[in-house]
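Enquirer: Quick one: structure below, then a few questions.
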Amino acid sequence: MERKIGKYHWLWAFILLASGLMAQEVQLTARSSRTSVGLDEPFRITFSSNARGGELSAPNFEHFIVVSGPYSSQQTQIINGSMSFSRELTYQLVAQEEGTFSIGPATLEAKGKRYESNTLTIQVKAGVQRKRSSSPEKSVGFEVDILSSKKEVYVGEPIVLLFSATLFEQVRDLNMLQSPNFENVLQQQLDFEQQSRRERVGARNATILDFDKRLIIPNKPGTLGGQELKITGAVQKPTGRRDFFNMPLMRWEQEVATAKIPAVTIKPLPSPKPEAFSGAVGELELVRELSRTSVNGDESITLKLRIEGAGNFNTISVPELIPPQGFDLYDPKFNEKIRYSERGVRGFKEFEYLLVPQFKGQFILPKMQWIYFNTKKGAYETITLEETTLTVTGDALEEAAATDGSNMPKAQREVSSIDNDIRYLQEVNEDRTHGTQPLLWVWVVFGAVVLGWLLQLVSFHPRKKSPEAARAAIKKEINTAWKSNHPDAVDQMLNALEGALVRRGIAKEHISLSALQEVLGPELAAQTIDLIERLQLALYAPNAVGSKEEWLNEFNALWEQL
Amino acid sequence: MGATLTAVSDSANALYADGQFESARALYESLVEQGHSDPALYYNIGNCCTRLGALGEARLWFERALLFDPANEETLHNLEWLNARLTDALPAPNEPLLHWIGHQFRTALAPEQWGLLAGVFFVVALILLVVRKFKKPALSWRLPLTLSSIGLLLLLVAQMSIPQSNQIVVVSNNSYGYSAPDANGKRIVLLSEGSSGRLVRDTQGWFYVALGDGRQAWFSSDQWGRILPINGH
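These protein sequence lines map, in sequence, to chains A and B. When we follow our numbering, the leftmost residue of the first sequence carries the number 1, and every step to the right adds one. When we follow our numbering, the leftmost residue of the second sequence carries the number 1, and every step to the right adds one.
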């Protein structure tokens, strides 16, 4: 029986121990190595539990960065027959910002129950300013910097940032805790081989390690912003003790270093922006390449439209080609080659078109303009691709054009060779200004001519007096002249007589006695010729006139009979 | 008025040379609105429109310039240059015979010059008629009749050569032609910028247009420009 009991002694002991442990209450605690820390000063957080099983989960370390960990350990102790078990989960943290922060409880899921630890409160202060000082008491193991290639850039202009660590002591396990998360930028990590060199920094020798290089293309004006760069590493520090061989004993101490975002001003592009501004920024060229400008009907032309140089290629798009008439244009092939380097984003973007002639003739490849912002000149620049004349030859195309079924006449699509640009302005001249009714005055003159012709048809004959009245008027006129001794009285009387004879059919040069006798009779003829002769004589010898009254009576008597 | 014309024109020329085509065009158009009708003015506006890419309007102004000065080589060149780029535009139908004859006369001499010639003949004939009537009735009637007839002929030529056009041009990017003067009507044709037609009828914002291919359709008048009248002149 004793042997039986002895045989199962250890089994009973194990059962009793296990049941004792099982009976223990589960505990979960959190503790911190420090409750007040400086920025970039690592400290430890440890979560302890006496539960063997279950899943222990750490809280979310908001406002802190895990420098190292978690390190887990477990321990079983038997003291005076009393057995205890504990396990721990340890993190090394560093604060991201100043302030007082709580680290939430860790949780443990065991036996279908959920256990929570206590909450920790950590006060984070600015701490001692890290300086590149030679003073041994304030010496730091390493520092980190971000170096910028430019202090001032335009939106879209690339900057190169170099991440550099200065190691004053022996450092291992250098690790980036927090990558600088730049805001409002496009970021590209450059291919870069880590390099180190020895330099003298202040009064200390240091190793400079360039460990990262990035290309940043800002897309909003302002200043470069974002999270800081934090790196961590184990720094070899003396313990102050010496070993058996009198050599100083060293220990590895975790340190964190922070680099500020460099002060880079991002300028907006100047205003006003040209309407046709493409959005491209850099030092660029727009190139149009033609495989040929003169082509036979069964050949084609390859046209490449390319933007090349250095600029914000990730947002640049190649302008669309303004196609020439008379060619079929196929969907373009897109070619691109972009390299990110310390000189910025370089390369090209290209559309490759295939132009297949449809008609014979000369066709104009239209002028193109493209506006971008030249960062070197600090101004908008317009690139103009001038017109190019494409010549298509070959007889086969003429037939094809005539039978292509198009409604458009061939002449409309064929373009004759003309100069490449419109003519310049003409001089505006006041004299050439047209009146509203330029021909009005001519019509007025025309009216006057018509009036002239009408006048030709109208004669101005005075109204004829009756013969008696006329004779009476002449008689009255002559009597008045004789009585008033008018010098022309003789002449008037002679004219009146001669006129009367003319009306009787005797012309003036034919007046003679015989002629008068035929018409007037012998007596009247003799009286008339006598008076006429005396009057003719009196014309040359006014004194020959006898009694005026007698001559007048003779005339009156004759006048009535004539 | 002349000084203003020169000053404004020179300013517009300077703006054009500086690449400020929109401002230059506004100045030239202000001169047109003042009543100046030099074809060079229309030509310059056409140049501004060309530079601004408004090829339909450019064609309208070049056609106006050509109407008043048909033999101007620069206008002919620019219009040809423009037509080379408006290859999708529909050409205008043939102009009426009288317009064509007037165009030919105008190519030789301006209407004012034809009128001046007619006036000279009329004045000489009138003088002869007066002399014949009042001084020398024996003067033969044949000479003043011949002069009057030639003058009348020249006057008719002058009258015919006065620019007339019912041509209109699409000045917007394109213009839909409808079967009725109603935007909800059936669309029967689409014309591109710079296309021409002959205005048949005009009713409340709609043009009934005869096209070069023989079709006729209603178009919104906002999208077309008339060669004549120019701003109501």
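Glycine included, each C-beta is placed from N, C-alpha and C at the ideal position.
1. Could you name the residues of the same chain whose beta carbon sits closer than 6 Å to that of PRO542(A), not counting the 5 residues immediately before and after it, in chain order?
2. Let me make sure I understand the geometry here. Which of ALA448(A), LEU552(A), LEU455(A) has the alpha-carbon closest to that of ALA496(A)?
3. Output needed for PRO332(A): all residues of its chain with C-beta closer than 7 Å, excluding positions within five of it in sequence on either side, in chain order.
4. Can you give the Cα-Cα distance for TRP81(B) and GLN325(A), rounded to whole angstroms?
5. Taking a cut of 7 Å between CB atoms, which residues from the segment 103-120 of chain B lie near chain A?
6. Below 8 Å between beta carbons is the criterion; list the residues of the segment 362-393 of chain A that meet it against any residue of chain B, in chain order.
7. Ignoring anything shorter than 3 residues, give me the beta strand (DSSP E) runs that lie fully in the segment 141-222 of chain A, in order along the chain.
8. Label SER484(A) either buried or exposed according to how many other C-beta atoms from any shown protein chain fall within 10 Å of its C-beta, with 16 as the threshold for buried.
9. Considering PHE121(B), what are the terminal residues of the alpha helix (DSSP H) in which it resides?
10. Which residue from ILE266(A), SER179(A), ILE217(A), GLN92(A) puts its Cα closest to that of GLY226(A)?
11. Can you look up ALA276(A) in the DSSP assignment and give me helix, strand or coil?
12. LEU126(B): which of ARG503(A), GLY54(A), GLY452(A) sits nearest, CA to CA?
13. On the CB-based measure, 16 or more other CB atoms within 10 Å of its CB, does ASP173(A) come out buried or exposed?
14. What's the gap between the Cα of ALA51(A) and the Cα of ILE45(A)?
15. Answer yes or no: do ARG226(B) and LEU191(B) have a C-beta to C-beta separation smaller than 8 Å?
16. What's the C-alpha gap between ARG59(B) and VAL189(B)?
17. Taking CB distances under 8 Å as the criterion, tell me whether ARG288(A) reaches chain B.
18. Grab the span of the beta strand (DSSP E) containing LEU249(A) for me, first residue to last.
19. Give the interface partners of VAL189(B) over in chain A, defined as CB-CB distance under 8 Å, in chain order.
20. Need the endpoints of the alpha helix (DSSP H) that PRO144(B) sits in, please.
21. Is the distance from the Cβ of VAL42(A) to the Cβ of VAL256(A) below 8 Å?
22. Under 7 Å between beta-carbons, which chain B residues line up against GLU468(A)? List them in chain order, please.
23. Between ARG292(A) and the rest of its own chain, which residues show a CB-CB distance below 7 Å, the 5 nearest in sequence each way excluded?
24. Would VAL287(A) and GLU308(A) be called neighbours here (beta carbons separated by less than 8 Å)?
25. THR232(A): which of ASN205(A), LEU177(A), GLU283(A) sits nearest, CA to CA?
26. According to a CB-to-CB cut-off of less than 8 Å, which residues of the segment 123-138 of chain B neighbour chain A?
27. Starting from ILE79(A), follow its DSSP beta bridges and name the residues at the other end.
28. Do PRO366(A) and ILE338(A) have their C-beta atoms closer together than 8 Å?
29. If I measure Cβ to Cβ from LYS376(A) and keep anything under 7 Å in the same chain, skipping five residues before and after, which residues do I get?
30. Given that a residue counts as buried once 16 or more other Cβ atoms are within 10 Å of its Cβ, and exposed if not, what is LYS141(B)?
31. Please decide whether TRP559(A) counts as near chain B, where near means a Cβ-Cβ distance under 8 Å.
32. Could you pull out every residue in the same chain whose Cβ sits closer than 7 Å to the Cβ of THR207(A), ignoring the five residues on either side in sequence?
33. Just the C-alpha distance for LEU535(A) and LYS476(A), rounded to the nearest angstrom, thanks.
34. Starting from ASP202(B), trace the beta strand (DSSP E) in both directions and tell me its first and last residue.
35. If contact means a Cβ-Cβ distance below 7 Å, which residues of the segment 318-343 of chain A contact chain B?
36. Does the beta carbon of GLU275(A) come closer than 8 Å to any beta carbon on chain B?
Expert: Result, derived from the coordinates:
1. none
2. LEU552(A)
3. PHE351, GLU352, TYR353
4. 14 Å
5. PRO111, GLU112, GLY115, ALA118, GLY119
6. Closer than 8 Å at the C-beta level to chain B, one finds these residues of the segment 362-393 of chain A: ILE364, PRO366.
7. Within the segment 141-222 of chain A, the complete beta strand (DSSP E) segments of 3 residues or longer fall at 142-148, 152-154, 159-167, 171-178, 185-189, 195-201, 204-218, listed in chain order.
8. exposed
9. Unbroken alpha helix (DSSP H) run through PHE121(B): 111-134.
10. SER179(A)
11. coil
12. GLY452(A)
13. exposed
14. 19 Å
15. In this structure, the beta-carbon distance from ARG226(B) to LEU191(B) does not fall below 8 Å.
16. Rounded to whole angstroms, the gap between the alpha carbons of ARG59(B) and VAL189(B) is 21 Å.
17. no
18. Unbroken beta strand (DSSP E) run through LEU249(A): 248-259.
19. Within chain A, no residue comes near VAL189(B); the closest Cβ sits about 12 Å away, beyond 8 Å.
20. 142-160
21. The residue you asked about is not Val; residue 42(A) is Pro in the sequence shown. Yes, the pair counts as a contact, with Cβ atoms nearer than the cut-off.
22. What GLU468(A) touches in chain B, judged by beta-carbon distance under 7 Å, is nothing: the nearest beta carbon there is about 31 Å away.
23. ILE301
24. It is a contact, given that the beta carbons lie within the stated cut-off.
25. It is LEU177(A) whose Cα lies nearest to the Cα of THR232(A).
26. VAL123, ALA125, LEU126, LEU129, VAL130, ARG132, LYS133
27. ILE79(A) is bridged by DSSP to SER82(A).
28. no
29. GLU283
30. Per the sequence shown, residue 141(B) should be read as Trp rather than Lys. TRP141(B) comes out exposed.
31. By the rule that beta-carbons nearer than 8 Å mark a contact, TRP559(A) does not touch chain B.
32. LEU167, SER196, ARG198
33. Computed Cα separation, rounded: 18 Å.
34. 196-203
35. GLN325
36. no
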